[in-house]
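Residue numbers (UniProt numbering), protein chains in the order written: chain A, 1 to 774; chain B, 1 to 464; chain C, 1 to 288. Quick reminder that beta carbons are idealized off the backbone N, C-alpha and C, glycines included.
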Amino acid sequence: MSQTYTKKSSISKLNSKAGISSLLIFVILLLAWIAGFSSRLFAVIRFESIIHEFDPWFNYRATAYMVKHGFYNFLNWFDERAWYPLGRIVGGTVYPGLMITSGSIHYLLHLLHINVHIRDICVFLAPVFSGLTSISTYYLTKELWSKGAGLFAACFIAIVPGYISRSVAGSYDNEGIAIFALQFTYFLWIKSVKTGSVFWAVASALSYFYMVSAWGGYVFIINLIPLHVFVLLLMGRFSNRLFTSYTTFYILGLIMSMQIPFVGFQPIRTSEHMAASGVFALMFAVATLKYLQSMMSKSEFKSLVIYGGLIAAGIVFGTVVLLTYAGFIAPWSGRFYSLWDTGYAKIHIPIIASVSEHQPTTWFAFFFDLHVLVATFPAGLWYCIKNINDERVFVVLYALSAVYFAGVMVRLMLTLTPVVCILSGIAFSGLLELFLRDDEIAKPEESGDEEHTTPKNRKYDKVGRVPKMKHELNKEPDGIGPNIRTIISVVILLLLMLFAVHCTWVTSNAYSSPSIVLASYSGDGTRQILDDFREAYFWLSQNTADEARVMSWWDYGYQIAGMANRTTLVDNNTWNNSHIALVGKAMSSNESAAYTIMTALDVDYVLVIFGGVIGYSGDDINKFLWMVRIAEGEHPKDIKESNYFTEQGEFRIDGEGSPTLLNCLMYKLSYYRFGELKLDYRTPAGYDRTRNAVIGNKDFQLTYLEEAYTTEHWLVRIYRVKKPDEFNRPRIPVANRLVKSPNFVSKKSTKRKRGTLKNKPVIVKGKRLSSKQS
Amino acid sequence: MTIFKMLKFLLFLFFSQLVSAAIVQIDQKLVNKNVERSIDLTSHLVKVTAAITLENTGTSPISNYLIVLEPGTSGNLSFISVKDALKEELVVKPTEVAGHTDKVFYNVILKQPLGGSRTVVLNLEYVLTEAIVPYPNEITQKEKQFVRYFGSHYFYTPYSTTKQTTTVTLNSRNIENYTKLKPVSQSDSSIIYGPYTDVAPFSFDVLSIHYENNAPFLTVTHLHRLIEISHWGNIAVEENIEIVHSGAKLKGPFSRYDYQRDTSSNHHSVKSYRTILPAAAYNIYYRDSNGNISTSTVRTRKDWIELELRPRFPLFGGWRSSYMLGYNVPSYQYLYKKGGNEYVLSMRLLDHIYDDMHVEELETNVVLPVGVKNVKLNAPYEVERLGDGKTFKYLDSLGRVVLRLKKSNLVEQHIQDLEISYEWDTLTLLHEPVLLAVALYVLFIIVIIYVRLDFSINKSEKKE
Amino acid sequence: MYRHKAVLRFNGNKFRDYVKGTPRNYSMIVMFTALAPQRQCMICRHASDEYHIVSSSFRHSQGYSKKLYFAMVDFDEGSDVFQMMKLSTAPIFMHFPPKGKPQRADTMDISRVGVAAEEIAKWIADRTDIQIHVIRPPNYLGTVAAIILFGLVAGFLYLRRNNLDFLYNKTMWGMTSLFFCFTMISGQMWNHIRGPPFLHQGPNGQIAYIHGSSQGQFVVETYIIMILNAAVVIGMILLTEAARGKRDPNKTKIMAVTGLILVSVFFSLLLSIFRTKTQGYPYRLLFN
């Protein structure tokens, strides 16, 4: 009787405790979501609900297209407005996950007649998904360590700048949803490794499928999970659970990932995916051996392992090499290759090297994006290694690989951020769990039996429920006085507070500019909005012919397509290097040579970005050397980088600058009539504020182009390419003419010295001149 | 009762038949004793006002007065009205006149028939659009915009006119040339023709003026106005405006440098214009396909709200722009309860966009609340009513009726109130909140059931 | 001329004979250098290696012809040539066309493009229209090093095959991983790719350890950051261990206090270094 009673009461007590803790977890996660969401809204509040930067404009345009024309038309979409005259098969060259996600949200809301514009869904998608990310991070950390650590990790990732940088409102890019997919896949994977259930493995494969559809970074998953399995095998931690989950995951993941048109057959044909299949084969080999081991004697088994292993390894290696050689398996692509051979891109792929986010990472960037986490996550890593088990092997590998990639490329800081949050969460929760528990200490724990059983079973597994502190609890006089305890807790909380304000500061100052709307603050703090980009794009959209073709550097391709809805030659999807090089060549040639290229490409308008009036440093002249370099890569005969430097090897736009530079198209288009402009009384006319110099070539006219529009602050300048009959061709010397005009012989004879008009019209006053005169 | 109503209806039918279809004769007894006409050419609209003193030289009373449009201007006529000496509006109807089928006539029905040898003063006002044509029609940035106007020296009328003068007002002194039918005098920026005496009916003599006009030649090519009534207390208005500079087209390059140096206010390009919104307007937004038009600002004046709309780029001849302007107004100012379940909405069919505006095509849509019945429409002037539409707003399940009205060629004088009355049940207001509450309730129930019950096929080992 | 050598060594006389005498029927690429150890010209050595790669690539290529010869003049063998050419620095690559005098572009701009063999080949192609496909002798050094390392590890494992417990030594693995993390987060990869100076010495002799802008860093700076990060981590671990402490109270207390000091002081230092590199950063801890 009494026993049952106590049991019941303990259950109800447990229930209510579980109720409170799950309520607490729910509230904390909700608050994390809200905090994460609202700290991403700086740009919307300061400016407006608008799509930021470059790539998001394409994603937005594609989403809008999908919403308008339906999913299947989107998959078959051939975009003739990009890469003129080549066009782009959009359906087959994008990761459609992002568009499908916001498209389905749009569809659902409209089903309920909540008429939200697709633009607003796109703008707020990333902040909303940041909440989902923090929830999945909670679950992942919970599986790895404990609920407390999970909550810490969830709160960290909600506000950490390294992730916010890619997910502010308006930054409508693949990464915004991909990090959620990444974390969720990892959670499901860990769950399936722990349980060995097919259900979780299938779920993780499904989540992986979503990740594949969303971001090219899925390659990280498909290499990290096999690596995890491989290391587990090396550590002798093979188990049937692992076998079930990996084989299920791999096969389903492989088949599903091939359903994405853009991925296609890559998973079985490129080197990036080969590790996964290798581990898959290895898994079977190990499983077979384990099975045989139970059937054979030790010596037989030994020889089998040695010979069989050698032969198998040889065959696999030979096959892969052979297939690679025969071209069935593509070698590493440039972008991935540059991750390993860190100097590769700099020499061979200027188009990758020219992007600032492909640069290596300074310590400053690490600290800037992660603050206190960067200095504490190694502690979490330390404890994970110290208390290793199957799933912690995973997080260790995740941390080590991600920290390497983040070191190579600033952009991959994004993949490091979640794991740093997890590990710091572990470190901080481990610390605070110990320091903030004095009031709980008196309470006896009913987990005594568990404590007795664990040390026996536990080799390296099953430390998941932090049993390490259990038996220390009863040691009441624990050496650290309550004062020190309080001080330490306060200091830790102070650090966390500092982290929170740092995150807000960084988000507000560094990551919340839409970059298509610039703001300048005058001395008295009033804000002036420089809206030149939209001004120019809107001008293009309203006042040019619908099929007009606009040539600009590729950075602005997506924006022109998205905001001006005009045909572009090159854009941010830099798939065709030679086409970009052609545009670069046009920009770096002189006017007449450029005109030939432009007429060959049917260019109607040329758009350049010029920051000299307001001191905007990201303009085309500052990017110009990359144009020259890329052009030189394809046309080494015509364009030579050295010609654009002075004798001292400097890049100067003033009078000292090289004549090639001062006469190239880009220079002329940027500085056309700028030489007459006096910005203020202190500086001479034609003073470039970005480069702090007076321009070298002031007084020139354009022959083949005319200014069509220049925005208010001269930031965007648009020129119209004249048709062949609209300008006076420069005189070609007779010797160089292809069609030689017959020598003109004057028919003037001495007799008829007075010039006469042939068919001289006879003018009669008051009568209109009729066209035919007899 | 019903018979009476029917009778009234029949009478009405008869009367309207009479007005519209009946062939009106030109009564030569009627003479324009004095016509003082003024033609305002300061903007891109031709605003003609004429004070006409009529005399009935006959004996029998006359109740109709005919107005005839100058040849070739019938398509340009946007607005016409006639007021009597007391500034009261008279009924003006288009009509046809036997023997003059090529001309467009308007029939004015006088308040009281004009008795023999009596005189009366009528104030005619009409507005022509697109009657001032830029000439040359392509100019460069630095050139001035010159336009030409063709009209008649004489007041074009089916009656003989005893005496008439015409004052033409221009907006600049710079007149290239003008026809000089004596007597004529020019002072400053106005030309006075006349007085001409004893002009025969249908006299026409081409008047042409070629002068500088840098007024903003703006034309709204399409205006889509959406009025949305919510009985929760506000009315949302949204206007989609497509605008074009209809003056002389810009030829050659646009130079920002020259544009910045040229600080004179008198330029043919349009930098900005003012839109006047109702004083109670709030939540004002103005955006285009690329987002908020950050160059524009809203100022609150005493009796109205002024929106200084500065398009993203200055509008030169031929340049277009389009944007969306929206705001909310509290419904108590425009929506009245007429007793019982009947409500009356009284809102402008067209609202101010810029001074001297010209709208080529207007479509006004009015979204009525959910579940309205018995919708009646009372338009201030003739509009085309397109078939009703249906739309769904937040969480609607039933849909709302949309009234769609259309009219082309409008000017400022068309800013008049539209009245829509309908019957509506207050209880339908609760429809959506209840729906939402039920949905949430069901959701919570499901969650509770899911959490409380164990759906797993086999018991997990942990729970022994 | 000499057929067997890819690069000809010239002294003053030979230089005058083969290079200065125009017109010739061949182009001459001459490297002016100072390879003698006492000259301490590190870059000369490197440049010379690259130069030899180019010349031997040319020598063994299919496009080999007598239109182009490679030569070098060492300062210690032909200082008169240096005087004649009015050169005061080394290394310098010059092209002597068959006809006429070398122009400005006939001197390779190594300060801008560097001395990599590919760049030299590109410059030669630019000047003489002779394309040289650079074939580097396969760098066996890396492979050999890898094999040796692999062999050592394998040998070590083999020797210790009876006692492989050290592989399960978590402290060792932990240390290694932590070290790797510290390397990465302190920006060593950036150093590796960009090759920044060790530290900056100003014109007045003051030494800057910390790069002023957020875009750059010095090598020594990254070491400092590494130490700071490591100290914070050690502090964290000490704190945790102290709280968990099973040891005697005094030791625990010392551990806790040390940990606290490590965390707070070194993190404050880190923060203050960060502050110096960020304009307008408002937050700080302990130090300015």
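Within chain B, the residues S294 have their CB atoms less than 7 Å from the CB of I529 (chain A), given in chain order. Interface residue (Cβ-Cβ distance to chain B less than 8 Å): M563 (chain A) is classified as such.
From the beta-carbon of V501 (chain A), the residues of chain C found nearer than 7 Å are Y283. Under the three-state reduction of DSSP, T426 (chain B) is assigned to helix. Per DSSP, T93 (chain A) lies in no beta strand (DSSP E) and is assigned neither H nor E. R312 (chain B) sits in coil when the DSSP states are folded into three classes, being neither helix nor strand. Of all residues in the stretch 242–269 of chain C, only A242, A243, R244, G245, K246, R247, D248, P249, N250, K251, T252, K253, M255, A256, V257, G259, L260, V263, S264, F266, F267 come within less than 9 Å of chain A when Cβ atoms are compared, listed by chain position.
A direct Cα-to-Cα measurement between A203 (chain A) and L188 (chain A) gives close to 7 Å. Taking the CA atoms as reference points, N177 (chain B) sits about 11 Å from Q186 (chain B).
The beta-bridge partner set that DSSP reports for N34 (chain B) consists of B:T53, B:K163.
Of C:G216, C:I132, C:G12, C:F274, the smallest CA-CA separation from K67 (chain C) is found for C:I132. When secondary structure is reduced to three states using DSSP, K29 (chain B) falls in the coil class, being assigned neither helix nor strand. In the DSSP assignment, G387 (chain B) falls within the unbroken beta strand (DSSP E) covering 384–391. Residues of the stretch 39–50 of chain A with a C-beta less than 7 Å from any C-beta of chain B: E48, I50, listed in chain order. The residue from B:G317, B:S289, B:K407, B:R274 with its alpha-carbon nearest to that of V298 (chain B) is B:R274. Counting only residues of its own chain and dropping the five nearest sequence neighbours on each side, S321 (chain B) has a CB closer than 7 Å to the CB of I243, P311, L315. C-alpha of F79 (chain B) to C-alpha of T95 (chain B): approximately 16 Å in a straight line. As computed with DSSP, F10 (chain C) is found in a beta bridge with C:V73.
If you draw a straight line from the Cα of A248 (chain B) to the Cα of L223 (chain B), it comes to about 23 Å. Residue pairing by DSSP places D40 (chain B) opposite B:K47, B:T169 in a beta bridge. With fewer than 16 other Cβ atoms from the protein chains shown falling within 10 Å of its own Cβ, E382 (chain B) counts as exposed. Judged by DSSP in its simplified three-state form, A82 (chain A) adopts coil rather than helix or strand.
DSSP places A437 (chain B) outside any beta strand (DSSP E); the residue lies instead in the alpha helix (DSSP H), whose first and last residues are 431–452. Only those residues of the stretch 394–418 of chain B whose C-beta falls short of 8 Å from the nearest C-beta of chain A are listed: Y394, L395, D396, S397. With distances taken between CA atoms, S74 (chain B) lies nearest to B:D102 out of B:D102, B:V97, B:K83, B:D84.
If you check each beta-carbon in the stretch 375–408 of chain A against every beta-carbon of chain C, the ones closer than 8 Å belong to A375, T376, F377, P378, A379, L381, W382, Y383, I385, K386, I388, V396, A399, L400, V403, Y404, A406, G407, V408. Beta-bridge partners assigned by DSSP to I718 (chain A): A:L607, A:Y709. B:L77 is the residue among B:D27, B:T42, B:L77, B:N64 whose C-alpha sits nearest the C-alpha of E360 (chain B).
S79 (chain C) and A34 (chain C) have their C-alpha atoms roughly 10 Å apart. I62 (chain B): member of the beta strand (DSSP E) spanning 62–68, first to last residue. Cβ neighbours of W57 (chain A) within its own chain (closer than 8 Å, five residues either side excluded): I51, Y558, Q559, A561, G562, M563. Proximity of I237 (chain C) to chain A, defined by a Cβ-Cβ separation below 8 Å, is satisfied.
Less than 8 Å divides the Cβ of V30 (chain C) from the Cβ of F96 (chain C). In this structure, the straight-line span from the alpha carbon of E130 (chain B) to that of L170 (chain B) is close to 16 Å. The three-state reading of DSSP puts Y64 (chain C) in coil, since its state is none of H, G, I, E or B.
At a cut-off of 8 Å between beta-carbon atoms, F610 (chain A) makes no contact with chain B.
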